[in-house]
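Now the structure itself:
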């Protein structure tokens, strides 16, 4: 890391009395404040982000309630923390700044620290997503060459790697800075300094890695399930395979698309619609897993339904969740009661998926 790059990190700020490096982040008296405000887009970011945070928080609690935290659920738990943090910053706080058109020079330390956290959540989230994709492949194919990573002792080292990578991305990476003019995060705070000073090769490598790796891994997962897993007349198995494929496609799509759009924006002049698309894709990449969990993961969905809908209401409308409630209804039917049952809860082979 060059001398100038090291002075633009959070580590430098924390070890220099919380002062930003003036050569890169000092605002002069002649700095012009942009007067751009995006009230409609700001309201969208706040409202959509708030909904996704609520949904994701419910999923987070549901994951915590899982009795046996397998490697897949541990990774999902880690992703939940990063995604909720990212939504809070990239949607709610960004929406507020967008609505009011607040500029870097008004609150430089706040913008700087927010940018450090944004980089931390995105970089670490990407690595965790790749590891989760590897785990998915290993789960459907025990002969997958990286299967050993999820053995108990080795997986502890994997978690340690995520922690070390996360700390380094927080402390030693150049931050992104929110720009009210474009309502997105960029590296250049646009205060009249040399733009090349803010180039971040770490993010470029990371975005290339997430785009290529996630696409390759989820393509392998889908290919294996469709062509290698074999034909089955089981309707449940067919639906399970379809759900796994859909999960892979959704997770891969938003992360890869957001990474590619942001890289294009960094190195090429971009129209306004592409910049807005990039910000929206980042929001969706952070929040899409909550929708995936609630629609395609029965374990998490059932747990959330139990949390938000009282048992009396579920019983009234026939929303019997889980094997225990089905057995309770069956016992009532055996004793002369009349009831209608939903599909029974089967023992799920791909439990971490569906």
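Numbering (the working numbering), first residue to last: 796 to 1149. Beta carbons: idealized from backbone N, C-alpha and C, even for Gly.
Of the listed residues the options, nearest to residue i (C-alpha basis)
i, options, result
"residue 1046", "843, 1069 and 1014", "1014"
"residue 1151", "908, 1088, 1051 and 835", "Lying before the first or after the last residue shown, residue 1151 is absent from the chain, which here runs from 796 to 1149."
"residue 883", "843, 866, 1008 and 951", "843"
"residue 807", "994, 908, 875 and 920", "908"
"residue 953", "1019, 993 and 866", "866"
"residue 925", "1104, 830, 1111 and 1003", "1003"
"residue 1062", "1068, 990 and 1097", "990"
"residue 870", "1107, 1089 and 1084", "1084"
"residue 832", "824, 977 and 950", "977"
"residue 801", "963, 1040 and 1057", "963"
"residue 1040", "850, 1058, 1012 and 1057", "1012"
"residue 818", "912, 799, 824 and 829", "799"
"residue 1103", "879, 828, 850 and 812", "850"
"residue 861", "950, 1105, 813 and 1097", "1097"
"residue 820", "804, 1077 and 888", "804"
"residue 947", "864, 985 and 902", "864"
"residue 834", "859, 889 and 824", "889"
"residue 902", "828, 1076 and 887", "828"
"residue 1075", "887, 824, 1107 and 1110", "887"
Beta-carbon spacing of residue i, residue j below 8 Å
i, j, result
"residue 916", "residue 877", "yes"
"residue 965", "residue 1038", "no"
"residue 980", "residue 969", "no"
"residue 928", "residue 1009", "yes"
"residue 955", "residue 893", "no"
"residue 1065", "residue 881", "no"
"residue 1071", "residue 836", "yes"
"residue 885", "residue 975", "no"
"residue 987", "residue 810", "no"
"residue 971", "residue 1060", "no"
"residue 1095", "residue 854", "yes"
"residue 936", "residue 993", "no"
"residue 920", "residue 874", "yes"
"residue 1001", "residue 918", "yes"
"residue 815", "residue 904", "yes"
"residue 879", "residue 852", "yes"
"residue 1043", "residue 938", "no"
"residue 949", "residue 943", "yes"
Closer than 7 Å: residue i CB and nearest the ligand SAM heavy atom
i, result
"residue 872", "Ligands are entirely absent from the displayed structure, and the ligand SAM is therefore not among its contents."
Range covered by the beta strand (DSSP E) that runs through residue i
i, result
"residue 974", "972-974"
"residue 981", "979-981"
Whole-angstrom C-beta distance between residue j and residue i, which should lie under 8 Å
i, j, result
"residue 1049", "residue 1016", "About 16 Å separates the two Cβ atoms, so there is no contact after all."
"residue 1099", "residue 857", "5 Å"
"residue 973", "residue 891", "Residue 973 to residue 891, Cβ: 10 Å. No contact."
"residue 922", "residue 960", "6 Å"
"residue 1054", "residue 1006", "5 Å"
"residue 1069", "residue 1056", "7 Å"
DSSP state of residue i mapped onto helix, strand, coil
i, result
"residue 1111", "helix"
"residue 898", "coil"
"residue 989", "coil"
"residue 855", "helix"
"residue 1044", "helix"
"residue 955", "helix"
"residue 738", "Outside the shown range of the chain (796 to 1149) lies residue 738, about which nothing can therefore be said."
"residue 812", "coil"
"residue 1094", "helix"
"residue 861", "coil"
"residue 1022", "helix"
"residue 893", "helix"
"residue 828", "coil"
"residue 873", "helix"
"residue 1028", "The predicted position of residue 1028 is uncertain, since its pLDDT is 49 and thus under 50; no value can be drawn from it."
"residue 969", "coil"
"residue 1064", "coil"
"residue 1104", "coil"
"residue 823", "coil"
"residue 834", "helix"
"residue 939", "coil"
"residue 866", "helix"
"residue 1140", "Because residue 1140 carries a pLDDT of 34, less than 50, the predicted location of this residue cannot be relied on, and no value is offered for it."
Delimiting residues of the alpha helix (DSSP H) encompassing residue i
i, result
"residue 1077", "1067-1091"
"residue 885", "Looking at the DSSP string, residue 885 is not in any alpha helix (DSSP H), and its letter there is neither H nor E."
"residue 917", "903-935"
"residue 1011", "996-1018"
"residue 800", "798-801"
"residue 820", "817-820"
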